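Residue numbers (this note's numbering): -11 to 322.
Shown next, in the form of structure tokens:
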């Protein structure tokens, strides 16, 4: 069964500074910080709707700000609410939070353990200190490494978030960050191509001509390489691109906010796999039911691309749900 989150947004709370790309009031679904009672309403609604089996594969997720840097009393009040739905009969499987790399220490990790937090995601964004400074992140790559190691030492699942196309970053910088994230060995990762939002420093730089985005195709190819490298190193990519409901498109000046960005990247990955394994004879490309659409490509673009290359696309119910097969060779996609 697939994993799910019950998201409780804590918009722009706890962050000690404003990063170049950040307008949290724009990308969070609400600018209102939920009270403990409101958080309880959200979580209880999901609890009552879901089956016990589904709950066992669902986390309560506090996203939107730097959770470990918000007011301590408020943070504990939210954790107390969530914890009731972890420890009750047929409860959710755990609590997931996101925070900054410089907002983790032993004391906070012990507190999170007490309330059954199971996964901590760090907004690394880049592992290049020059890029971090240019984008006013306020932390270093060493903060990421230190916090990542502590999180794993204390038994939490580690997630790392990476942004592609930040101000001052080059393709080589992206690949360096990719490799450094692999060295941190997180369990999960999110890949966010930059969206330039109104009322941010990036928007100012973009309008002044001081910041230029990658061409869309180059961004897709970079994200495809990063995604493939993560998956091949047993890092589960749980998101590519901002959610459609985050209100990005109507608030974006420029950038990569395509609602099907993840599917476009997977199309690029699969197309490259097929291309590299074609023979002069008939070629057979197979996918389990879950990945049949991905195999065909975004808007069937892979079928169209290989239309005159003697390639058959088939569904194979015997394949594991996270792989495709090209001429009998198995390739992991998730």
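Don't be surprised by glycine CBs; every beta carbon is placed ideally from N, CA and C. These figures come from a predicted structure and were not determined experimentally.
If I'm right that residue 219 touches residue 286 with Cβ under 8 Å, what's the distance once you round it to whole angstroms? The pair is not a contact, with the Cβ atoms about 18 Å apart (cut-off 8 Å).
Proximal residues to residue 277 (C-beta, below 7 Å), its chain only, five neighbours per side dropped: 303, 305
Please report the distance separating the alpha-carbon of residue 6 from that of residue 125. 8 Å
Counting C-beta neighbours from all protein chains within 10 Å, is the total for residue 255 16 or more, i.e. buried, or is it exposed? buried
Taking only three categories from DSSP, how would you classify residue 17? Below a pLDDT of 50, predicted positions are generally treated as unreliable, and residue 17, at 46, falls in that range; the measurement from the model is reported next regardless. Three-state result, residue 17: coil.
Local Cβ density within 10 Å of residue 23, reported as buried at 16 or more and exposed below that: exposed
Sequence-distant residues of its chain with Cβ nearer than 8 Å to residue 116 (five each side left out): 129, 157, 161, 164, 165
State the DSSP-derived secondary structure class of residue -11, mapped to helix, strand or coil. Only weak support exists for where residue -11 lies, its pLDDT of 48 falling under 50; the coordinates are left without a value.
Can you list, in chain order, the residues of its chain whose CB lies under 7 Å from that of residue 194, leaving out five sequence neighbours each side? 184, 241, 242
Given that a residue counts as buried once 16 or more other Cβ atoms are within 10 Å of its Cβ, and exposed if not, what is residue 248? exposed
Let's test the definition: count the other Cβ atoms within 10 Å of the Cβ of residue 131 and tell me whether it reaches 16, buried, or not, exposed. buried
Have a look at 274, 288, 139, 39 and flag the residue whose alpha-carbon is nearest the alpha-carbon of residue 316. 274
Take residue 70 and list the residues in its own chain whose beta-carbon comes closer than 6 Å to its own, dropping the five residues that flank it on each side. 48, 83
Using only alpha-carbon positions, find the residue among 77, 57, 118 that is nearest to residue 95. 57
Report the option in 198, 187, 209 whose CA atom is closest to the CA atom of residue 181. 209
Residue range of the alpha helix (DSSP H) that includes residue 212: 204 to 220
Taking residue 86 as the reference, give the member of 205, 104, -3 with the closest Cα. -3
CA nearest to the CA of residue 310, picked from 224, 214, 10: 224
CB contact flag (residue 229, residue 245, <9 Å): yes
Mapping the DSSP letters down to three states, classify residue 119 as helix, strand or coil. helix
What do you get for residue 178, buried or exposed, if any count of 16 or more other CB atoms within 10 angstroms of its CB means buried? buried
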